[in-house]
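>
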Amino acid sequence: MIEADRLIAASGRDREEVQDRAIRPLRLDEYIGQPVVREQMALFIQAARGRSESLDHTLIFGPPGLGKTTLANIIAQEMGVSVKSTSGPILERPGDLAAMLTNLEPHDVLFIDEIHRLSPVVEEVLYPAMEDFQLDIMIGEGPAARSIKLDLPPFTLVGATTRAGMLTNPLRDRFGIVQRLEFYSDKDLATIVSRSAGILGLAIEDQGAYEIARRARGTPRIANRLLRRVRDYAEVRGKGQITKAVADMALNLLDVDERGFDHSDRRLLLTMIEKFDGGPVGVDNLAAAISEERHTIEDVLEPYLIQQGYIMRTPRGRVVTRHAYLHFGLNVPGAWGRVGIFPKRAMSDRSKTAFRGPTAGMPRVRWQ
Numbered sequence: 163m164i165e166a167d168r169l170i171a172a173s174g175r176d177r178e179e180v181q182d183r184a185i186r187p188l189r190l191d192e193y194i195g196q197p198v199v200r201e202q203m204a205l206f207i208q209a210a211r212g213r214s215e216s217l218d219h220t221l222i223f224g225p226p227g228l229g230k231t232t233l234a235n236i237i238a239q240e241m242g243v244s245v246k247s248t249s250g251p252i253l254e255r256p257g258d259l260a261a262m263l264t265n266l267e268p269h270d271v272l273f274i275d276e277i278h279r280l281s282p283v284v285e286e287v288l289y290p291a292m293e294d295f296q297l298d299i300m301i302g303e304g305p306a307a308r309s310i311k312l313d314l315p316p317f318t319l320v321g322a323t324t325r326a327g328m329l330t331n332p333l334r335d336r337f338g339i340v341q342r343l344e345f346y347s348d349k350d351l352a353t354i355v356s357r358s359a360g361i362l363g364l365a366i367e368d369q370g371a372y373e374i375a376r377r378a379r380g381t382p383r384i385a386n387r388l389l390r391r392v393r394d395y396a397e398v399r400g401k402g403q404i405t406k407a408v409a410d411m412a413l414n415l416l417d418v419d420e421r422g423f424d425h426s427d428r429r430l431l432l433t434m435i436e437k438f439d440g441g442p443v444g445v446d447n448l449a450a451a452i453s454e455e456r457h458t459i460e461d462v463l464e465p466y467l468i469q470q471g472y473i474m475r476t477p478r479g480r481v482v483t484r485h486a487y488l489h490f491g492l493n494v495p496g497a498w499g500r501v502g503i504f505p506k507r508a509m510s511d512r513s514k515t516a517f518r519g520p521t522a523g524m525p526r527v528r529w530q
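Whatever position you read off the sequence shown (first residue = 1), add 162 for this note's numbering.
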């Protein structure tokens, strides 16, 4: 899949998880960006600690790479408790979840990543655990089977998901705190890059950090990944210091342009402009034109382009906006549709005649 090979992919990689642990903030006062979320969580945590209670169950959602796992670990650190981590696809059987729940200490945090991928049978076990801190267990089989309830210590479930809409209503309603993480500003990302560089012992100028930040697609994970690649370039060709010029040359070499687009993004936009006159075009036709899978376009390529206003989804298909033409230095089509969306398709005189049919130009005959 194309996502696994992209430098600017927002999804994490196993090796990066190990590297990122060294640069992740451990406390809320070290957490950069998301000011509303940070202020609210500081208040909720302080109140819970003052009452000597566990924090309410917390749902964190938003695009990948924005710090959901980091925030879950910070919650445990601020509460002064341990965190047990797992993910939805790993919990295949109710017994898997029961084993984790029974090993929790009072007020501990259970972090479930990709919680929208929990199986229905596992989710059913989670309901009484979240609501009543009890675990229903079936003992025996057949007519002799019976259900017993095990009391659990009060705990905090922190669920993370990139697709909050896929959560069932009963599960979503059991979270007392719901937080959405937004894309980061270039200023906040530059601060994150400078902080990460300091931890890694890199010499970096403010303008160099900002150059990396503005090409990081609003995502800290991508910013830290680009920082590590720019570090490689600086150590080999830039005397070990990351300046604006060094960052610019390194990122150009990595084929990441000033908007954070890579080859795949540009190919998608140019295909829509050059082969489909800017659209509208169906996703299946587009997938065939660029030799990619439909789900790759929908889940990997489109979201950021739509979020940045370069592509729109319409009932008739995908359409590029004027920003896409300007990005490539192309003239924006002069005539757009009635609602200012659809570019007018350029047609030669011959194509106009062919479109109008073989009787084009002939006098009209009024039949009596």
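Backbone N, C-alpha and C define an ideal beta-carbon position, used for all residues, glycine too.
Given the structure is predicted, the values throughout are model-derived calculations rather than measurements.
So residue 227 and residue 382 are supposed to be a Cβ contact under 8 Å. How far apart are they, rounded?
Contact flag correct, Cβ pair sits at about 6 Å.
> Cα separation between residue 489 and residue 431?
Looking at the two C-alpha atoms, the distance is approximately 10 Å.
> Which residue marks the beginning of the beta strand (DSSP E) containing residue 308, and which one marks its end?
308-313 is the span of the beta strand (DSSP E), which, as asked, contains residue 308.
> Helix, strand or coil for residue 266? Go by DSSP, reduced to three states.
Correct three-state label for residue 266: coil.
> Which class does residue 447 belong to by DSSP, given the choice of helix, strand or coil?
Correct three-state label for residue 447: helix.
> Quick one: grab the DSSP three-state call for residue 419.
Residue 419: coil per DSSP, three-state reduction.
> By the 10 Å Cβ neighbour count, where 16 or more other Cβ atoms means buried, how is residue 203 classified, buried or exposed?
So residue 203 counts as buried.
> Determine whether the beta carbon atoms of residue 468 and residue 445 lie at a separation below 7 Å.
Cβ distance not < 7 Å, so residue 468 and residue 445 don't count as in contact.
> Name the two residues that bound the continuous beta strand (DSSP E) containing residue 399.
Unbroken run through residue 399 is the alpha helix (DSSP H), 382-399; no beta strand (DSSP E).
> Go ahead and pull the three-state DSSP assignment for residue 413.
Of the three classes helix, strand and coil, the one that applies to residue 413 here is helix, per DSSP.
> Can you list, in chain order, the residues of its chain whose CB lies under 8 Å from that of residue 408, leaving out five sequence neighbours each side?
Closer than 8 Å at Cβ, skipping near neighbours: 370, 392, 395, 396, 399, 400.
> Measuring alpha carbon to alpha carbon, tell me which residue in 363, 224, 213, 463 is nearest residue 327.
Here the closest residue by C-alpha is 224.
> With a 10 Å radius around its C-beta and 16 neighbouring C-beta atoms as the bar for buried, classify residue 300 as buried or exposed.
Residue 300 is exposed by the Cβ-count criterion.
> Would you mind sorting residue 455 into buried or exposed? The rule is 16 or more other CB atoms within 10 Å of its CB.
Per the 10 Å Cβ criterion, exposed.
> Excluding the five sequence neighbours on either side, which residues of its own chain have a C-beta within less than 7 Å of the C-beta of residue 253, listed in chain order?
Same-chain partners within the cutoff: 259, 280, 284.
> Quick one: grab the DSSP three-state call for residue 156.
Because the chain is modelled from 163 through 530, residue 156 falls outside the range shown and cannot be assessed.
> By how many angstroms is the C-alpha of residue 342 removed from the C-alpha of residue 505?
Below a pLDDT of 50, predicted positions are generally treated as unreliable, and residue 505, at 46, falls in that range; the measurement from the model is reported next regardless. When rounded, the distance between both Cα atoms is 35 Å.
> Tell me which residues share the same chain as residue 358 and place their Cβ nearer than 7 Å to its Cβ, disregarding the 5 neighbours each side in the sequence.
Within the same chain, residue 358 has close Cβ partners 185, 386, 389.
> With a cut-off of 8 Å, do at least 3 Cβ pairs link the region 267-276 to the region 235-249?
Short answer: they touch.
> Which residues in the same chain as residue 348 place their Cβ atom closer than 6 Å to its Cβ, once the five residues preceding and following it in sequence are excluded?
Counting only Cβ-Cβ distances below 6 Å, and skipping sequence neighbours, we find 375, 376.
> Please tell me whether residue 473 and residue 462 are closer than 7 Å, where the distance is taken between their beta carbons.
Cβ atoms of residue 473 and residue 462: not closer than 7 Å.
> With DSSP run on the structure shown, which of helix, strand or coil describes residue 439?
Residue 439: coil per DSSP, three-state reduction.
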